[in-house]
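*Asks:*
So, in structure tokens, the structure goes:
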């Protein structure tokens, strides 16, 4: 098993910094859903990780902890994070993206 | 310039490659996008085999997002790490033999101008410090002296990272590397100074720990190269493998190096300033009102 970044939607959707999306070295990997926080009554959308693209560098963790100071991203074992985003389940809409969540290990 | 020509002719969508359709429907082709919107559209750059946490990859990603007209852009590269990512993008990539990239780009730029006339086709060279300051040095400088109108971007990781850690001309003096165990004997080459002497119209240094600044310098460089003359960007893109930087400390290193010895700098000729102000609305380059000048 290996580590991937996992973003706490509750913390992320209370802010609107989007820094992690700009600092990830991998393209199309940390994405942003403008409507992610709505169902929890939060103000903004949230970033999320297409874990099949994540190489586990943890640069986003440093950026979130030290630049944004939100501490919303943790590195977690891929078999421990439950349902999450995968590239094949990402759809793009008008100025947003959205992922139907699936288990990255079981598929 | 209108971007309407990027739209599909009705009925012909299905004959276009999926990668191109994705770029038009969900990506930046035919639209104006910025770095602040990443994560909400499909990026041109795709999966690539570069190392985890590589700052060069981040810079390439930001640079590609910043192309003013990606659908009309061709990238040129050469041997080195960078080409592993640059070639995995939905814009044409030309691979020059080691050191040839600025020669290839010169011919390409001239050919595109003959073929497409006043329809801008941007040529952007992205190569490493070895390909540009060592092996491709002559072709790089000659293209600048000839005033070839394209953008040259050096991905400066200060080492031959792809071949095990030999020193390059851009490595700092006394730096010890795996394949330079006694330390480098001479100073880092002043490519910025040479770019100015050779007549580049826009020269900038940048570090990828400031994405919006990267976006700004790339846009200016590409736009200036369309009409005014050659442009050069030198980007610090650390090699976390050869310099043993933990992947989660890459941005911390970038910040330290930027503060210490790779400060942001920008040189632009008056002609280029006037061009950006008049054609692309860059307010900072508009002539200052007479009253404000007198008040100083």
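Chains as they are written, first to last, in the working numbering: chain P, 10 to 116; chain B, 9 to 304.
Don't be surprised by glycine CBs; every beta carbon is placed ideally from N, CA and C.
Quick caveat, the model's predicted, so the values are computed rather than measured.
With a CB to CB cut of under 7 Å and the five nearest residues on each side skipped, what residues in its chain are close to residue 96 of chain B?
*Replies:* Around residue 96 of chain B: 53, 54, 55 and 56.
*Asks:* Between the region 126–145 of chain B and the region 90–109 of chain B, are three or more C-beta pairs nearer than 8 Å?
*Replies:* Result yes; three or more Cβ-Cβ pairs closer than 8 Å.
*Asks:* Residue 219 of chain B to residue 51 of chain P, Cα distance in whole Å?
*Replies:* Looking at the two C-alpha atoms, the distance is approximately 27 Å.
*Asks:* Does the pairing of the region 120–128 of chain B with the region 181–192 of chain B give three or more beta-carbon distances under 8 Å?
*Replies:* The answer is no - the region 181–192 of chain B does not touch the region 120–128 of chain B, with fewer than three Cβ pairs under 8 Å.
*Asks:* Okay, do the region 126–136 of chain B and the region 68–81 of chain P touch, 3+ Cβ pairs below 8 Å being the bar?
*Replies:* Counting Cβ pairs under 8 Å, fewer than three are found: no touch.
*Asks:* I'd like to know if residue 234 of chain B contacts chain P, where contact means its C-beta is closer than 8 Å to some C-beta of that chain.
*Replies:* By this cut-off, residue 234 of chain B is not an interface position.
*Asks:* Taking the straight line between their C-alpha atoms, what separation do you get for residue 66 of chain P and residue 34 of chain P?
*Replies:* Cα to Cα, residue 66 of chain P sits roughly 9 Å from residue 34 of chain P.
*Asks:* According to DSSP, is residue 65 of chain B part of a helix, a strand, or is it coil?
*Replies:* DSSP places residue 65 of chain B in helix when its eight states are reduced to three.
*Asks:* In terms of residue numbering, what span does the alpha helix (DSSP H) encompassing residue 321 of chain B cover?
*Replies:* Here chain B comprises residues numbered 9 to 304, so residue 321 of chain B is not present and cannot be evaluated.
*Asks:* Bridge partners of residue 85 of chain P, per DSSP?
*Replies:* Partner(s): P:13.
*Asks:* Touch check for the region 162–174 of chain B and the region 220–232 of chain B: three-plus C-beta pairs under 8 Å?
*Replies:* In short, these stretches do not touch, since the Cβ pair count stays below three.
*Asks:* Of all the options B:98, B:90 and B:104, which has the alpha carbon lying nearest to the alpha carbon of residue 29 of chain B?
*Replies:* Answer by Cα proximity: B:98.
*Asks:* Which residue from P:61, P:36, P:98 and P:55 puts its Cα closest to that of residue 67 of chain B?
*Replies:* Nearest of P:61, P:36, P:98 and P:55 to residue 67 of chain B, Cα basis: P:36.
*Asks:* Please look up how many angstroms separate the CB atoms of residue 62 of chain B and residue 217 of chain B, rounded, as I've assumed it's under 8 Å.
*Replies:* No, residue 62 of chain B and residue 217 of chain B are not in contact; Cβ-Cβ is about 14 Å, not under 8 Å.
*Asks:* Report the neighbours of residue 39 of chain P on chain B: residues whose CB is nearer than 8 Å to its CB, in chain order.
*Replies:* Simply 47.
*Asks:* If you measure between the beta carbons of residue 41 of chain P and residue 30 of chain P, is that distance less than 8 Å?
*Replies:* Yes, the Cβ-Cβ distance between residue 41 of chain P and residue 30 of chain P is below 8 Å.
*Asks:* Measuring only the C-alpha atoms, how far is residue 293 of chain B from residue 93 of chain P?
*Replies:* Roughly 47 Å separates the two Cα atoms.
*Asks:* With a threshold of 8 Å between beta carbons, is residue 259 of chain B in contact with chain P?
*Replies:* With 8 Å as the cut-off, residue 259 of chain B counts as an interface residue toward chain P.
*Asks:* With a cut-off of 8 Å on the beta carbons, I'd call residue 151 of chain B and residue 238 of chain B a contact; round off their distance for me.
*Replies:* Indeed, because the Cβ distance is near 6 Å, the residues count as touching under 8 Å.
*Asks:* Within 10 Å of its beta-carbon, does residue 50 of chain B have 16 or more other beta-carbons around it, so buried, or fewer, so exposed?
*Replies:* So residue 50 of chain B ends up on the buried side.
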